[in-house]
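Here the sequence shown stands for residues -18 to 305, numbered as in the working numbering.
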Amino acid sequence: MNNNRRRFLQLLGASALAPTVSSAADTYPTRAIRIIVGFAPGTATDIAMRLIAQPLSVRLGREVVVENKPGAASNIAADFVVRSPPDGYTLLAMTVTNAINATFYPHLNFDITRDIVPVIATFQSPSTFVVNPSVPVKTIPEFIAYAKANPGKLNYASSGYGSAPNLNGEMFKIMTGVNIVHVPYRSSLVPDLLAGQVQAFIGPMPVTIAYVKAGKLRALGVTSAKRSDALPDVPAIAEFVPGYEATIWHGLGAPKGTPPAIVDRLNKEINAVLAAPDFKAKFAKIGGTTLGGTSAAYGKLIADEIAKWGKVIREANIKPQSDK
């Protein structure tokens, strides 16, 4: 009887809680929602999330604000969101950097796939392989040939060890067998690239596209599997290096334990934002493509990217600067 009574009380308690959980999801949101960005204001992630926040605020009927918590390659922001209440009011602006960090930083206090629920992939953009015009090459095959004829004499810039441009360059080296030197920057690398202090850069198209169109940098290829509509005359690197692909993707995640109904609501409303023609046009101008889709599809993208970049990090033996 005691066991039966205990079981009855447990069921009664669960049934009493059920309406509360359901009601919270049904009435969500009741206050402002924060999107935590792990990079400084004015960066690509920050700009993209602010573009999303405004129409999402309209659809949800509550203010959606972007809060910047830069540092440690976005790990500070991720840790903050992981520790936040799983109620849908604190979201993480995720990027390919989070997938890279899963391997690059082996002692994080969190696991991005365990502790963050994928909400939706928002957009992606290719990187552009650019060189200073002083480099005597105009195509990817010419660059490979020139680099092999001059081993160790060419260098490529990145925004630091473990950054997407660093891994783009190392994957290119692995797949082509060229010997080019990595030059990491803590501040903007663009001035040195324009001045020819560094010769090459495989970085985000929004950073390079204006310089390419102005003739200040020469684009040899884009890192997407196919050509970009933003630079239709620039071939994909994969046309010459089969299988080479590296996109800068963005998305949103929520703390583990966030009710599925809230995740579904966010997914639905953000999908609607991303589908708007005027919104697509804004990203197309800088070479971006809106994504959308299900939470599960975004979770698969994250897992695939962790595996892909983990392999590059291990093969190239890339480590945090403090470990080198």
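Ideal Cβ positions, reconstructed from N, Cα and C, are used throughout, including at glycine.
Treat the numbers as computed from the prediction; the structure is a model and nothing was measured.
DSSP state of SER139, grouped into three classes?
In the structure shown, SER139 sits in a strand (DSSP, three-state: E or B).
Once you ignore the five residues that flank ILE251 on each side, which residues in its own chain have a CB closer than 8 Å to its CB?
Counting only Cβ-Cβ distances below 8 Å, and skipping sequence neighbours, we find ILE33, LEU37, VAL100, ILE101, THR103, LEU233 and GLY273.
Candidates ALA59, ALA54 and VAL77: which alpha carbon is nearest ILE16's?
Nearest to ILE16 by C-alpha distance, out of ALA59, ALA54 and VAL77, is ALA59.
What do you reckon, are the CB atoms on ARG246 and TYR9 nearer than 8 Å?
yes
Could you check what DSSP says for GLY184 in three-state terms: helix, strand or coil?
strand
By Cβ distance below 6 Å, which residues in the same chain neighbour VAL111 in space, the five residues on each side in sequence not counted?
PHE182, THR189, LEU198 and ALA200
Using the three-state DSSP reduction, which class does ILE161 fall into: helix, strand or coil?
coil
Grouping DSSP H, G and I as helix and E and B as strand, with all else coil, what is THR76?
strand
Answer yes if the region 55 to 74 comes into contact with the region 205 to 220, meaning at least three C-beta pairs across the two stretches below 8 Å, and no otherwise.
These segments do not touch.
Taking the Cβ atom as the reference point for each residue, do VAL98 and ALA235 lie within a distance shorter than 8 Å?
Remark: C-beta atoms of VAL98 and ALA235 approach each other more closely than 8 Å.
I think ASN248 touches THR275, with their Cβ atoms under 8 Å apart; what is that distance to the nearest whole Å?
7 Å
Decide if the region 74 to 88 is in contact with the region 151 to 160; the criterion is three or more beta carbon pairs, one per stretch, under 8 Å apart.
no
Just to confirm, is the Cβ distance from GLY143 to PRO301 under 8 Å?
Yes, Cβ-Cβ distance for GLY143 and PRO301 is below 8 Å.
Using only the alpha-carbon positions, how far apart do MET75 and GLY202 sit?
26 Å
Can you check whether the CB of VAL293 is closer than 8 Å to the CB of LEU148?
yes
What are the boundary residues of the alpha helix (DSSP H) that includes ILE287?
Annotation for ILE287: the continuous alpha helix (DSSP H) segment containing it runs 276 to 297.
Tell me the DSSP secondary structure of PRO67 in three-state form.
Correct three-state label for PRO67: coil.
Quick check: what's the CA-CA separation for GLY355 versus ILE125?
Past the boundaries of the shown model lies residue 355; the chain is included only from -18 to 305, so the question cannot be answered.
So the alpha helix (DSSP H) ARG31 belongs to, where does it begin and stop?
25 to 41
Assign THR228 to buried or exposed, taking buried as 16 or more other Cβ atoms, counted over all protein chains shown, within 10 Å of its Cβ.
buried
Would ALA206 pass as a contact of GLU226 if the rule is Cβ separation under 8 Å?
yes
Answer with buried or exposed for GLU296, where buried requires no fewer than 16 other C-beta atoms within 10 angstroms of its C-beta.
exposed
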